[in-house]
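Take any residue in the sequence shown, note its place counting from 1, add 10, and you have its number in the working numbering. Here a beta-carbon is modelled for each residue, glycine too, at the ideal position from N, C-alpha and C. For clarity, every value in this text was computed on a predicted model and none was experimentally measured.
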Amino acid sequence: MPSLIILRLHPVKPVDAATFTSYLTGLSIEAFDLTLADSVSGVSIGTASGIANPHLGSPANNSVTIGSTSILQHYQNLVVGPSTKRFLQSAATAVIVANAPAGHPEYPSASSFDVRLRITRGGTTLVHDELEFNASVVNVAGPLSTDQRVYFAMPASAYVALPSAAVGLDPSLAHVDLPANGVAPPFADMVKAIDLVLAKDPGGTQLKSHPPLTAAESRQIAAEIVWNRALYPPPTPPRSLDEMYTTPASDADDVKRDRMQFEGELAGYQAVHTAEALRLAGFVYA
Numbered sequence: 011m012p013s014l015i016i017l018r019l020h021p022v023k024p025v026d027a028a029t030f031t032s033y034l035t036g037l038s039i040e041a042f043d044l045t046l047a048d049s050v051s052g053v054s055i056g057t058a059s060g061i062a063n064p065h066l067g068s069p070a071n072n073s074v075t076i077g078s079t080s081i082l083q084h085y086q087n088l089v090v091g092p093s094t095k096r097f098l099q100s101a102a103t104a105v106i107v108a109n110a111p112a113g114h115p116e117y118p119s120a121s122s123f124d125v126r127l128r129i130t131r132g133g134t135t136l137v138h139d140e141l142e143f144n145a146s147v148v149n150v151a152g153p154l155s156t157d158q159r160v161y162f163a164m165p166a167s168a169y170v171a172l173p174s175a176a177v178g179l180d181p182s183l184a185h186v187d188l189p190a191n192g193v194a195p196p197f198a199d200m201v202k203a204i205d206l207v208l209a210k211d212p213g214g215t216q217l218k219s220h221p222p223l224t225a226a227e228s229r230q231i232a233a234e235i236v237w238n239r240a241l242y243p244p245p246t247p248p249r250s251l252d253e254m255y256t257t258p259a260s261d262a263d264d265v266k267r268d269r270m271q272f273e274g275e276l277a278g279y280q281a282v283h284t285a286e287a288l289r290l291a292g293f294v295y296a
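In structure tokens:
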């Protein structure tokens, strides 16, 4: 009986369907089940990759082969004039057929996993720090369906926000994934990131040849790693600052709403990255 992890994919911000298709191109999502013995990396249990054919020119066709194309962009059939036409939507379903190792136990039941996702696009790693504990699976009796609509209707195990097709991890930029469960990041990842920062610092050293880092140096390095403006751009105001902060305003209520939204997003952006930098600094110093 196949067990399916159903991931609902959507863009970070609303986009048109054609743009979202570019987000899915070259996408691969590998799922790992975390255990008490391995709560950082986990055990690989399956991968979703390959965009299914949406059959835009044939609205009656919903066929799919999950074994080779398991990322399904959503679509909708609409009657336009005398005919029915199919239109893509800016959402998708990724289907991971879970294959846990033999004898692999799971709490609270064999039909749930503590999932960590590794997401790549065209070989470039995307960031997804969320862990989904006790994520439910859909158990299917018999062979996998060949109808995309069946998977669209399945309950989601988790939701994933995909960044723009232009976003990914530049190998020349330092990055460390901070596990959401509070454990230390992998040591090799830490050293690599610290070395990338130190190489561009006056003196151009590596960690192994650098004197023990002070608390202040650790905070500086952690902030350099976390505040990646290319990967995490700051929020943009919904209208010009002139409009939002100059009185009197022509439409005061709308301006006030936009200003409060922008200030809230900016405060949240700064608070999240400041907290992550302080947390990472503790691991750098250790």
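query                                                                                              : result
A104 versus P92 - alpha carbon distance                                                            : 33 Å
Nearest residue (CA-CA) to Q280, options N87, D211, P165, P243                                     : P243
Cα-Cα separation, K202 to V22                                                                      : 28 Å
Distance between beta carbons of A102 and L82, contact taken as under 8 Å                          : 6 Å
Exposed unless 16 or more other CB atoms sit within 10 angstroms - verdict on N109                 : exposed
Pairwise C-alpha distance: A70 and H283                                                            : 48 Å
DSSP beta-bridge partners of A102                                                                  : L19, Q83
Alpha-carbon to alpha-carbon, I204 and Y255                                                        : 41 Å
The region 131-151 contacting the region 53-70, beta-carbon criterion three pairs below 8 Å        : no
Buried or exposed by the 16-neighbour rule on C-beta atoms within 10 Å, applied to S260            : exposed
Under the three-state DSSP convention, the category I129 falls into                                : strand
Sheet register partners of S146 (DSSP bridge)                                                      : S122
Exposure of P173, with buried meaning 16 or more beta-carbon neighbours within 10 Å                : buried
Separation of D263 from E253, as counted between CA atoms                                          : 12 Å
Which of helix, strand or coil DSSP assigns to Y255                                                : helix
Neighbourhood of L141 by C-beta, 8 Å cutoff - its chain only, sequence neighbours within 5 removed : L44, D124, V125, R126, P189, A190, N191
Closest residue to E246 among M164, E234, D268 (Cα-Cα distance)                                    : Checking the sequence shown, residue 246 turns out to be Thr, not Glu. Closest by alpha carbon: D268.
Alpha-carbon to alpha-carbon, V294 and E227                                                        : 9 Å
Those residues which DSSP pairs with A58 across a bridge                                           : I39
S228 (DSSP reduced to helix, strand or coil)                                                       : helix
Alpha-carbon to alpha-carbon, I129 and A171                                                        : 11 Å
Buried/exposed call for S13, threshold 16 Cβ in 10 Å                                               : buried
For E275 and P248, the rounded distance between their alpha carbons                                : 11 Å
V265 in three-state terms, based on DSSP                                                           : helix
Check whether Q17 and A166 have beta carbons under 9 Å apart                                       : It is Leu, not Gln, that sits at residue 17 in the sequence shown. Yes, the pair counts as a contact, with Cβ atoms nearer than the cut-off.
Minimum C-alpha distance to A198 - residue among R131, K218, G213                                  : K218
8 Å Cβ shell around L334 - same chain, five flanking residues per side excluded                    : Past the edges of the chain, shown from 11 to 296, lies residue 334, and the structure says nothing about it.
Candidates I235, R131, M270: closest to D211 by CA position                                        : I235
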